[in-house]
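Notes for the one structure printed next.
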Amino acid sequence: MLLRNLDTSRELVNGARGIVGKINSDTGLPEVRFYPAKANGSNGILHVVQIEKWTIRGIDAKEIASRRQLPLTLAWAICIRKSQGITLEYAELALSKVRILQ
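Take the sequence shown: its position 66, counted from the start at 1, is 66 in the UniProt record's numbering, and no numbers get skipped.
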């Protein structure tokens, strides 16, 4: 799952889900196939995810801290906030704490 907007015109946005196909042996970067709504059941969008820089700035706009990382996280599970409004092919729900099923 993406952690940052990469290309809004192609729907490669924060929360977009994809499958890592391979890691490029030369660059060490992952090739991810994303399946946005515009893909309409096609083979999706293949995208090489680059390392991104996150920066924290102070009141005077001076850089206080920064980090570089791949804007990806494993999405074995997603919270209700991230799942609202998306279409899932499959879903597994943990209902062990539900008291009444109606």
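Each residue gets a CB set at the ideal place from its N, CA and C atoms; glycine is no exception.
ALA61 is classed as exposed because its beta carbon has fewer than 16 other beta carbons within 10 Å across all chains shown. Within the same chain, and ignoring the five residues on either side of ARG33 in sequence, the residues whose Cβ sits closer than 6 Å to its Cβ are GLY18, ILE19, GLY21, GLY44, LEU46. Taken atom to atom, the span from the alpha-carbon of VAL49 to that of ASP7 is near 11 Å. Within its own chain, the residues whose Cβ lies closer than 7 Å to the Cβ of ALA75, once the five positions on either side in sequence are excluded, are MET1, ARG17, listed in chain order. For SER66, the pairing in a beta bridge is given by DSSP as THR55. Taking C-beta separations shorter than 7 Å and ignoring five residues to either side along the sequence, the partners of THR55 in its chain run GLU63, SER66, following chain order. Linking GLY58 to GLN69 through their CA atoms gives a straight-line distance of about 21 Å.
As the crow flies, the alpha-carbon of GLU92 is around 32 Å from that of GLY28. VAL20 is bridged by DSSP to VAL32.
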